[in-house]
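Position one of the sequence shown corresponds to residue 1 (UniProt numbering), numbered consecutively onward. Idealized CB from N, CA, C, for every residue including glycine. To keep things clear, I will list the structure first and then write my remarks on it.
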Amino acid sequence: MKIIMYVVGILVILLGIYQIHSSIKYLSNLKTNGGKDTSPFILYAIYSSFLIGGFMMFFGFGTMFFFNW
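Next comes the structure, spelled out in structure tokens:
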């Protein structure tokens, strides 16, 4: 059971890293290609994406180290 929790934790951490990486790439794309037609609410979406990635990494570490019974 411990091995499964480690694998699940690593997968969730990798998904969180991918989420943050995608957010950074989209933010840089928005800085270069954004214009007047860009929605003003897109920054809230990018911020939420960063938060979701951070929570995923946090829960991944929690799964690996705190839920190993």
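- DSSP places Ser-48 inside the alpha helix (DSSP H), whose first and last residues are 42-65.
- Taking C-alpha positions only, Ile-3 is separated from Val-12 by approximately 14 Å.
- Secondary structure at Thr-38: coil, using DSSP grouped into helix, strand and coil.
- For Met-5, the enclosing alpha helix (DSSP H) starts and ends at 2-33.
- Of all C-beta pairs linking the region 14-22 to the region 47-55, three or more are shorter than 8 Å, placing the two stretches in contact.
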